[in-house]
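Chains U and E, in that order, give the protein sequences. Quick note: to get this note's numbering, add 1 to the position in the first sequence (first position is 1). Quick note: to get this note's numbering, add 1 to the position in the second sequence (first position is 1). Step one of this worksheet: look at the structure below.
Protein chains: 2
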Amino acid sequence: MDRRDDATNPPGRRIPGATVRRLPAYLRTLEETADARWTSSELGRRTGFSSEQVRKDLAYFGAFGTRGVGYDGRALAGQIRRILGLDAGVRAVLVGVGHLGTALANFVARTHQDVRIVGLFDVDPLKVGREVAGTTILGLESLDRVAAEEAASLGIITVPSDAAGAVAARLLQAGIRGILNFAPTALSVPESVYVRNIDLSLELQALAYFVQAEAVTHP
Amino acid sequence: MDRRDDATNPPGRRIPGATVRRLPAYLRTLEETADARWTSSELGRRTGFSSEQVRKDLAYFGAFGTRGVGYDGRALAGQIRRILGLDAGVRAVLVGVGHLGTALANFVARTHQDVRIVGLFDVDPLKVGREVAGTTILGLESLDRVAAEEAASLGIITVPSDAAGAVAARLLQAGIRGILNFAPTALSVPESVYVRNIDLSLELQALAYFVQAEAVTHP
DNA sequence: AAGTGTGAAGCCTTTCACAGCC
DNA sequence: GGCTGTGAAAGGCTTCACACTT
C-alpha cells in the first residue's frame, strides 16, 4: 500500500497528496457521463467522497464552478486534465510482461488515450517479439533507447520481487521519474523520484484484520 | 486510491487503519529473513518506515520487545499473524479470471499459506472447467455454495467495470465481508463491509501529476 | 550503552458552518 | 433558494523527545 508514497507532494501551492489522488476519480466520472451540469454533491456521490471534499479539492487549483449553479462538466474535465498534466500526454514503459503486466498493458491501451504505454520489456527470450496490446515486447537492453525516443516519464514494474530492485535502477538510468511498483518490495530511489507501491498481499492481509475485527465486535 | 476505504477501523482499542496496513509489511520482512533479533530501526529500514512508526504501531497491540535489546523475530511474526487473524487462515474467492485474475490467483497461491483462494469464478463458459493455480474455474451460480462450504470471508473482484456492481452484490449475498476491488468503479455496499479499491488508472494519473509538478519545480 | 514504550507536539486531512454569488 | 468557495474546528497520523528497562 504505502511505503514512502506519501512523502510526495512538493509543488508550488502545496497541494495535499490525497487531493491529487482523488482528481483522477473525478475526471473519470465526468468523462463517463458527459453531463453538462454537475454539482459537488453529485460528483461526490458518484465517486464516493463528500461534497465538501470535492469543493475543497477543486478550490486548491482555482474557482471552476458557479455559485448557486454548479460546474460545467466539459470545462471541469478539461481543467482536471490540465492540472494532472494529461493534456500533454503521458508516456509509460512497462517491464515484466507476465499475466499482470499483460492485464495492465491491455487495460491502459483500452481505457486511456491520455496515458500511453510506449514500451513493453521482458527478459524472457520467448516473450520478446510477441505482441501485446499492439506493442511488441522488447528485451531490457532496448529500454534506454525506447524511453529516450518516446520521452517516457513513467515506469511500471510487474516483475517478480527479486528482480524489482535491478529493474528500478534501470528505469532511473533511462530517465524515468515516476514508478508504479507491483512487486512486493521496498525500492530504494532518490527523493526526486515518485514511487507508488501496489501490493496485493498487504491489502489482502489488512482486509483480513478488518473482517476479523468486525467479527469480534458483533459476535 | 481511496474511496470509503479509510472509513475503516472500528475495533475495540481504535487502531489506526494506517497501522493495520503496515503490519503485513512488517510480517513479510520478518518472514523473509528469519533473523532471531530485530530492532525497530532495522525493521523500519527494511520496510521503508521510521523506527518510531514501527514501535508505535506495535505498541497499539502490546509490548512485544525487550528494552535495550529489541524484538524476537519469530515471536513478533507470530504476534502479528495473530493480530491480523492470519493464524486462523483466511479464505477468499475471486471473480473474473482474466489476465489480472490469473495473475492474482497465481501470486496468492505461490506466496501465501495463510491466505488461500478457495474459489475461482467466471461467466465465460470457455473458462469454466479450466484450472488456474490448482483450482478449477466455476460458473457464478456456484458462488453461494462454495463460499458457504469453504467459509470464505474475502472476495476479490477482477471483472470489467460494468460487471463489478453486480458481482459485489453476489459476493455480499454469499456472505463475504471484505472486498478487494480492482474494477475502476465505486461499489455501494453496507457500512459493515470493508472495501478496498485498487485502481491502476488513478495511480498512473496521480503519478503523472507528481512527475509534471517536479518538472515545473526544476525547469 | 542501547533500544523499547509513550505522552506531547506537530502536521496533514477531513468535516463543519457559513458568507458570498447566481 | 441553491450551490460554490473558504476560514475555522475537529480528527487522525506521524514525529519528537525522553523516561524506562535490560
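By construction, the Cβ of each residue, glycine as well, lies at the ideal position given by its N, Cα and C atoms.
Identify the contact partners of U/Gln54 in chain E, using a Cβ-Cβ distance below 9 Å as the criterion. Taking the first sequence and counting its residues from 1, the one referred to as residue 54 of chain U is at position 53. Neighbours of U/Gln54 on chain E: none; closest Cβ ~11 Å, over 9 Å.
Rounded to the nearest angstrom, what separates E/Asp36 and E/Ala78 at their Cα positions? Position 35 of the second sequence, counting from 1, holds the residue named residue 36 of chain E. Position 77 of the second sequence, counting from 1, holds the residue named residue 78 of chain E. Each residue's alpha carbon lies about 11 Å from the other.
For a contact meaning CB atoms closer than 8 Å, what does E/Val116 contact in chain U? The residue you call residue 116 of chain E lines up with position 115 of the second sequence. Simply Ser202, Leu205, Gln206, Ala209.
Segment contact, 8 Å Cβ cut-off, at least three pairs: the segment 196 to 203 of chain U with the segment 179 to 187 of chain U: yes
U/Asp200 by DSSP, collapsed to three states: which one? Residue mapping note: residue 200 of chain U aligns to position 199 of the first sequence, counting from 1. Note: U/Asp200 maps to coil in three-state DSSP.
Could you tell me whether the Cβ of U/Tyr72 comes closer than 9 Å to any Cβ of chain E? Mapped onto the first sequence, residue 72 of chain U falls at position 71. For U/Tyr72, the answer is no, since every Cβ of chain E falls outside 9 Å of its Cβ.
Nearest candidate by alpha-carbon position, reference E/Gly74, set E/Leu87, E/Gly90, E/Trp39, E/Val96: Taking the first residue of the second sequence as position 1, residue 74 of chain E is located at position 73. Taking only the C-alpha atoms, the option nearest E/Gly74 is E/Trp39.
Would you mind telling me which residues of chain U sit closer than 7 Å to E/Gln213, beta carbon to beta carbon, in chain order? Residue mapping note: residue 213 of chain E aligns to position 212 of the second sequence, counting from 1. What E/Gln213 touches in chain U: Gly86.
Among the candidates U/Ile16, U/Thr137, U/Leu87, whose CA atom is the shortest distance from the CA of U/Lys57? Sequence index remark: in the first sequence, residue 57 of chain U carries index 56 (1-based). The candidate whose alpha carbon is nearest that of U/Lys57 is U/Ile16.
Check whether the Cβ atoms of E/Val168 and E/Val147 lie closer than 9 Å to each other. Taking the first residue of the second sequence as 1, we reach residue 168 of chain E at position 167. Taking the first residue of the second sequence as 1, we reach residue 147 of chain E at position 146. No, the pair does not count as a contact, with Cβ atoms beyond the cut-off.
Could you tell me which residues DSSP pairs with U/Asn182 in its beta bridges? On the first sequence, residue 182 of chain U is found 181 positions in, with the first residue counted as 1. DSSP output for U/Asn182 lists U/Ile158, U/Asn198 as bridge partner(s).
Secondary structure at U/Thr20, three-state DSSP: helix, strand or coil? Here residue 20 of chain U is taken as the residue at index 19 of the first sequence, counted from 1. Three-state result, U/Thr20: helix.
Proximal residues of chain E, C-beta to C-beta of U/Val96 below 7 Å: Counting from 1 along the first sequence, the entry for residue 96 of chain U is found at position 95. None at all; the shortest Cβ gap to chain E is about 15 Å.
Euclidean distance between Cα positions of U/Leu59 and E/Ser202: For the purposes of this step, residue 59 of chain U is identified with residue 58 of the first sequence, where counting begins at 1. For the purposes of this step, residue 202 of chain E is identified with residue 201 of the second sequence, where counting begins at 1. Going from the Cα of U/Leu59 to the Cα of E/Ser202 covers about 20 Å.
Close Cβ partners of E/Val190 (< 8 Å) along its chain, the five nearest in sequence each way excluded: To locate residue 190 of chain E, count along the second sequence from 1; it is residue 189. Once the five neighbours on either side are set aside, the close Cβ partners of E/Val190 are Ala169, Leu173, Ile180, Val196.
Output yes if chain E places a C-beta closer than 9 Å to the C-beta of U/Thr103; else output no. Residue 103 of chain U sits at position 102 when you count from the first residue of the first sequence. U/Thr103 counts as touching chain E.
Is the Cβ-Cβ distance between E/Gly63 and E/Ser52 less than 9 Å? Here residue 63 of chain E refers to the residue found at position 62 of the second sequence. Here residue 52 of chain E refers to the residue found at position 51 of the second sequence. Taking 9 Å as the Cβ cut-off, E/Gly63 and E/Ser52 do not qualify as a contacting pair.
Per DSSP, the bridge partner or partners of U/Leu95: Numbered from 1 along the first sequence, position 94 holds the residue referred to as residue 95 of chain U. Answer is U/Leu121, U/Ile157, bridged to U/Leu95.
Is it right to say U/Gly69 is buried, meaning 16 or more other beta carbons lie within 10 angstroms of its own, or is it exposed? As a first step, residue 69 of chain U is located in the first sequence; it is residue number 68 there, counting from the start. The residue in question, U/Gly69, is exposed, as its Cβ has fewer than 16 Cβ neighbours within 10 Å.
How close, in whole Å, do the beta carbons of U/Ala153 and U/Leu188 come, if the pair is a contact with beta carbons under 8 Å? Sequence index remark: in the first sequence, residue 153 of chain U carries index 152 (1-based). Sequence index remark: in the first sequence, residue 188 of chain U carries index 187 (1-based). Going by Cβ atoms, the distance from U/Ala153 to U/Leu188 rounds to 18 Å, so no, they are not a contact pair.
Looking only at DSSP bridge pairs, what is U/Asp73 linked to? Counting from 1 along the first sequence, the entry for residue 73 of chain U is found at position 72. U/Arg38, per the DSSP bridge assignment.
Within 9 Å of any Cβ in chain U, is that where the Cβ of E/Asn10 sits? What you label residue 10 of chain E is simply residue 9 of the second sequence in a count that begins at 1. Because the pLDDT of E/Asn10 is 32, which lies under 50, any placement of that residue in the model is unreliable, and the number read from its coordinates should be weighed accordingly. Closer than 9 Å to some Cβ of chain U, the Cβ of E/Asn10 qualifies, so yes.
Going by CA-CA distance only, name the one from E/Leu105, E/Ile84, E/Thr48, E/Ala26 that's closest to E/Phe65. Here residue 65 of chain E is taken as the residue at index 64 of the second sequence, counted from 1. That would be E/Ile84, whose Cα lies nearest to the Cα of E/Phe65.
Chain-ordered chain E contacts of U/Thr112 [CB-CB under 7 Å]: The residue given as residue 112 of chain U occupies position 111 in the first sequence. Result: Ser202.
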